[in-house]
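Residue numbers (the numbering used here): 727 to 943.
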Ligand SMILES: [Zn+2]
């Protein structure tokens, strides 16, 4: 049983590593984007609420996200643990998370800003299933087409240069303080990236090694 949070700036590789780590540990990856898509697709009560905010281009309030997460964590596939990707993003969310689950470890991805900017600019997402690709190291088999579902790939507005700078600023202000918070709880593992072309598998091995050293797997 291991409950993991992936922490790090946008473009640090949280989703990329989480989706590779999950099958090795036999646990699911849970991202807020996925929670929104699932709930909206299934037209759940909470999904309807979230949709109102998303359609207005507003942030979905914490209590809605937390409720979705709470319901998700009750599903059977999380009985051996889970990996949270992209949540919590603020101190308030971290505290709310503690109310519903006891996290074992936080994997902090330490990546220089220049690498982040290059990586994010090369990111593409599937319009249909939400799968993430990267033109630098995680290319689809056919240009512009999703390997998994055949959907069309596009560049999200928030992966464009002007938006990236703003995302990094918000990260520094809201999310970076979580590092200190989890260090103080003795739960932080730092995984450093120094080169843009480091294969994800190599970093995932480092994470596995760190989890073993901590006696978590
Ligand atoms: Zn797809």
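Ideal placement from N, C-alpha and C gives every residue a C-beta, glycine not left out.
Ignore the nearest five residues each way along the sequence and tell me which others in residue 814's own chain have a CB closer than 6 Å to its CB. Excluding positions up to five away in sequence, the list reads 820, 823.
Could you pull out every residue in the same chain whose Cβ sits closer than 7 Å to the Cβ of residue 841, ignoring the five residues on either side in sequence? Closer than 7 Å at Cβ, skipping near neighbours: 919, 922.
Please classify residue 862: is it buried, with 16 or more other beta-carbons within 10 angstroms of its beta-carbon, or exposed? Sixteen is the threshold: since fewer than 16 other Cβ atoms of the shown chains lie within 10 Å of the Cβ of residue 862, the residue is exposed.
Heavy atom of ligand 1 within 7 Å of residue 854 beta-carbon: yes
Give, in chain order, every unbroken run of the beta strand (DSSP E) that is at least 3 residues long and sits entirely within the segment 859-930. 914-918
To the nearest angstrom, how far is it from the Cα of residue 929 to the Cα of residue 837? 12 Å
Is it the case that the CB of residue 877 approaches a heavy atom of ligand 1 more closely than 7 Å? yes
Roughly how many whole angstroms lie between the Cα atoms of residue 759 and residue 745? 14 Å
Which residues does DSSP pair with residue 811 in a beta bridge? Residue pairing by DSSP places residue 811 opposite 732, 757 in a beta bridge.
Which listed residue (816, 876, 931, 940) has its alpha carbon closest to that of residue 722: In the structure as shown, the chain starts at 727 and stops at 943, and residue 722 therefore has no counterpart that could be examined.
With a CB to CB cut of under 7 Å and the five nearest residues on each side skipped, what residues in its chain are close to residue 766? Correct list, in chain order: 773, 776, 777.
Between the alpha carbons of residue 884 and residue 890, how many angstroms are there, rounded? Put simply, the backbone Cα of residue 884 is about 6 Å away from that of residue 890.
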